[in-house]
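Contents: one structure, followed by commentary.
Protein chains: 2
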Amino acid sequence: MSKTRIKTYDRIILESLKLFNEQGERSITTNHIAAHLGISPGNLYYHFRNKEEIVYQIFLQYRDFINERLTVPLDRRMTVDDLVNYLDTAFLAMWQFRFMFYDLPGLLARNPQMQSDYHQFVHSELKDILAGHFREFIKLGLFLKMDEADIEPITLNIWLVVKFWFAFEQTAWPDAPITEESSRRGVRQVLSLLKPYVQDDFMPVFEQLAARYAD
Amino acid sequence: MSKTRIKTYDRIILESLKLFNEQGERSITTNHIAAHLGISPGNLYYHFRNKEEIVYQIFLQYRDFINERLTVPLDRRMTVDDLVNYLDTAFLAMWQFRFMFYDLPGLLARNPQMQSDYHQFVHSELKDILAGHFREFIKLGLFLKMDEADIEPITLNIWLVVKFWFAFEQTAWPDAPITEESSRRGVRQVLSLLKPYVQDDFMPVFEQLAARYAD
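Protein sequence lines, in the order shown, are assigned to chains A and B. Numbered by numbering that gives the first Met the number 0, the letters in the first sequence go through residues 0 to 214 in order. Numbered by numbering that gives the first Met the number 0, the letters in the second sequence go through residues 0 to 214 in order.
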């Protein structure tokens with residue numbers, strides 16, 4: 000594979016992501032992408048059979064991004080800073096790949112391969128990772144206090160709020176663009192889900208953390 | 000307006016709702032609806048200019064359904080049964096009008112009139128109604144205990160879980176159809192949001208309520 004080929008391939012992915020995020024994936028065609036990059040449609044089709052293949056490659060980058068950053072440290076116990084980092088990672092991923100979350104059901108319905116991989120990702124990887132993290136935080140004992148039976152519904156609620164936050168903001172305020180402030184509001188919502196489980200001793204630390212995301 | 004005209008008009012709305020719910024709004028055309036009803040496309044167009052107008056009329060029915068059932072009783076204090084009824088109403092509405100919630104952002108983007116009305120509905124009506132209900136439940140003192148500052152984020156989380164529950168289930172388990180059991184799982188998720196705020200004295204009543212929605 001020549002150097003030029005790799006470069007064009009990566010540029011197509013990078014600029015497509017930018018266009019999808021700014022204008023929505025549905026309104027962008029392969030012709031738009033080629034024109035934006037100043038390459039011929041033929042050149043684009045040399046690298047990707049169709050738009051779905053570009054979307055799918057972007058999804059794989061999203062998955063790698065999450066997997067690399069949500070790992071559990073093996074050489075030490077988890078700390079509250081880890082929780083903060085996980086939240087930041089989740090919303091950073093949402094922000095950087097936000098076009099995926101404007102209409103995830105529709106996007107998946109149009110990309111069978113992505114639907115299957117997404118399904119695999121959230122069920123056998125992400126769900127266990129998230130529940131595992133919670134158990135760790137509860138084991139710390141200092142920070143969160145919840146019954147074992149509560150872990151799954153709480154994890155599910157957090158997952159749901161993160162996943163649909165942008166779609167929620169978009170339908171609630173259709174004229175306002177999605178901004179990084181939207182991500183901050185999303186973090187606040189997730190923190191509000193955790194707040195009732197925060198141990199009294201840790202409440203000052205928690206309030207300090209929440210203040211980082213205040214208006 | 001003749002009796003036949005009213006009848007056909009209502010039948011179009013009713014059967015369209017059924018088809019949208021079962022097969023998704025995007026895959027159903029006005030021709031499908033006419034064929035399903037055994038009427039000519041011309042007859043359908045006599046009543047509705049296009050599919051968006053049918054979708055919009057269905058949205059108005061949804062709005063009326065919510066507005067009629069989420070009213071605050073004027074002649075008595077609210078009770079825990081009222082909370083249960085509100086939850087049932089929310090998910091019954093979600094179930095009966097479920098096609099609207101598979102891809103709400105996309106649906107609204109294709110229907111400017113509906114987007115504007117939906118926006119008006121959730122901001123100036125529904126949001127106040129929900130927050131008002133919470134304040135009532137907290138005033139009861141017996142049931143929920145939360146700070147004034149927590150009411151808004153909690154209301155928002157409940158709203159988000161209700162609104163995106165079906166989309167969440169659809170993307171998480173794409174091969175499983177949305178059923179009434181999905182609604183029950185949705186109620187369980189909402190109850191899990193409320194659980195940490197339930198007063199100790201009321202926990203037995205709450206557990207009894209939750210058991211009604213158990214597996």
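Ideal placement from N, C-alpha and C gives every residue a C-beta, glycine not left out.
Candidates the options: closest to residue i by CA position
| i | options | result |
| --- | --- | --- |
| N156 (chain A) | A:E168, A:L129, A:F136 | A:L129 |
| F96 (chain B) | B:E179, B:D149, B:F205, B:R184 | B:E179 |
| L143 (chain B) | A:T28, A:P195, A:A148, A:H118 | A:P195 |
| Q22 (chain B) | B:R48, B:P176, B:M93, B:L36 | B:P176 |
| A34 (chain B) | B:E24, B:I11, B:N49 | B:I11 |
| D214 (chain B) | B:G37, B:R187, B:H31 | B:R187 |
| D63 (chain B) | B:R134, B:V79, B:L125 | B:L125 |
| L208 (chain A) | A:D81, A:I32, A:T154, A:H132 | A:D81 |
| F120 (chain B) | B:E206, B:T70, B:N66 | B:N66 |
| N110 (chain B) | B:I57, B:S191, B:E206 | B:I57 |
| A171 (chain A) | B:A108, B:E24, B:I32, B:K138 | B:A108 |
| V204 (chain B) | B:N20, B:V79, B:P104 | B:V79 |
| E24 (chain B) | B:I153, B:G105, B:S181 | B:G105 |
| Y212 (chain B) | B:P173, B:D74, B:G131, B:L86 | B:L86 |
| T70 (chain B) | B:S115, B:Y45, B:G131 | B:G131 |
| L103 (chain A) | B:P173, B:S115, B:R75 | B:P173 |
Contacts that residue i makes with chain A (C-beta to C-beta distance below 8 angstroms)
| i | result |
| --- | --- |
| N30 (chain B) | Here the premise fails: no neighbours, minimum Cβ distance about 22 angstroms. |
| Q22 (chain B) | Those within 8 angstroms of Q22 (chain B) in chain A number zero; the least Cβ separation is about 13 angstroms. |
| I153 (chain B) | S191 |
| F58 (chain B) | In chain order: nothing, as chain A lies at least about 13 angstroms away. |
Straight-line gap, residue i to residue j (C-alpha atoms, nearest Å)
| i | j | result |
| --- | --- | --- |
| T88 (chain B) | H118 (chain A) | 31 angstroms |
| G41 (chain B) | R183 (chain B) | 41 angstroms |
| W94 (chain A) | G185 (chain A) | 11 angstroms |
| Q198 (chain A) | E151 (chain A) | 19 angstroms |
| L59 (chain B) | Q60 (chain A) | 42 angstroms |
| A210 (chain B) | L193 (chain B) | 15 angstroms |
| R68 (chain B) | I38 (chain A) | 57 angstroms |
| N49 (chain A) | D9 (chain A) | 15 angstroms |
| L43 (chain B) | I27 (chain B) | 14 angstroms |
| M113 (chain B) | F133 (chain B) | 28 angstroms |
| S191 (chain A) | Y101 (chain B) | 26 angstroms |
| K6 (chain A) | F47 (chain A) | 14 angstroms |
| L91 (chain B) | F98 (chain B) | 13 angstroms |
| V83 (chain B) | L36 (chain A) | 56 angstroms |
| P72 (chain A) | V189 (chain B) | 33 angstroms |
| E234 (chain A) | M77 (chain A) | No answer is possible for residue 234 (chain A): the residues shown for chain A start at 0 and end at 214. |
| H122 (chain B) | F163 (chain A) | 18 angstroms |
| I137 (chain A) | T29 (chain B) | 54 angstroms |
| D146 (chain A) | A148 (chain B) | 25 angstroms |
| D74 (chain A) | D127 (chain A) | 20 angstroms |
| M202 (chain B) | I153 (chain B) | 19 angstroms |
| E206 (chain A) | S115 (chain A) | 40 angstroms |
| N20 (chain B) | Y45 (chain B) | 24 angstroms |
| S181 (chain A) | D200 (chain A) | 30 angstroms |
| I32 (chain A) | H31 (chain B) | 35 angstroms |
Cross-chain neighbours of residue i in chain B, by beta carbon under 7 angstroms
| i | result |
| --- | --- |
| V160 (chain A) | N156, L159 |
| L216 (chain A) | This structure does not reach residue 216 (chain A), given that chain A is present from 0 up to 214, and the question cannot be answered. |
| Q114 (chain A) | P173 |
| V121 (chain A) | A171 |
| F47 (chain A) | Residues of chain B passing the Cβ test: none, with the nearest at roughly 24 angstroms. |
Contact list for residue i against chain B, beta-carbon separation under 8 angstroms
| i | result |
| --- | --- |
| I150 (chain A) | Those do not exist, as I150 (chain A) stays about 10 angstroms from chain B at its closest Cβ, beyond 8 angstroms. |
| A34 (chain A) | By Cβ distance, chain B contributes nothing, its closest Cβ being about 24 angstroms from A34 (chain A), past 8 angstroms. |
Per-residue contacts from residue i into chain B (C-beta, under 9 angstroms)
| i | result |
| --- | --- |
| H118 (chain A) | T170, A171, W172, P173, D174 |
Listed by chain order, chain A residues near residue i by CB distance under 9 angstroms
| i | result |
| --- | --- |
| A89 (chain B) | Within 9 angstroms Cβ-Cβ: nothing; A89 (chain B) doesn't reach chain A, min ~15 angstroms. |
Contacts that residue i makes with chain A (C-beta to C-beta distance below 7 angstroms)
| i | result |
| --- | --- |
| F19 (chain B) | None at all; the shortest Cβ gap to chain A is about 15 angstroms. |
Per the contact definition of three or more C-beta pairs closer than 8 angstroms, is the stretch 154-169 of chain B in contact with the stretch 159-176 of chain A?
These segments touch.
Interface positions of the stretch 92-108 of chain B facing chain A (Cβ-Cβ less than 7 angstroms), listed along the chain
So the list reads Y101, D102, L103, P104, G105, L107, given in the order they occur along the chain.
State whether the stretch 47-59 of chain B contacts the stretch 14-26 of chain B, with contact taken as three or more CB pairs (one from each stretch) at a distance under 8 angstroms.
These segments touch.
Residues within the stretch 183-213 of chain A neighbouring chain B, beta-carbon criterion of under 8 angstroms
Residues passing the 8 angstroms Cβ filter: R187, Q188, S191, L192, K194, P195, Y196.
Between the stretch 127-141 of chain B and chain A, which residues of the former have CB atoms less than 8 angstroms from a CB of the latter, in chain order?
Near chain A, meaning a CB-to-CB distance below 8 angstroms, no residue of the stretch 127-141 of chain B qualifies.
Listed in chain order, which residues of the stretch 64-76 of chain B have Cβ atoms closer than 7 angstroms to some Cβ of chain A?
Hits within the stretch: zero.
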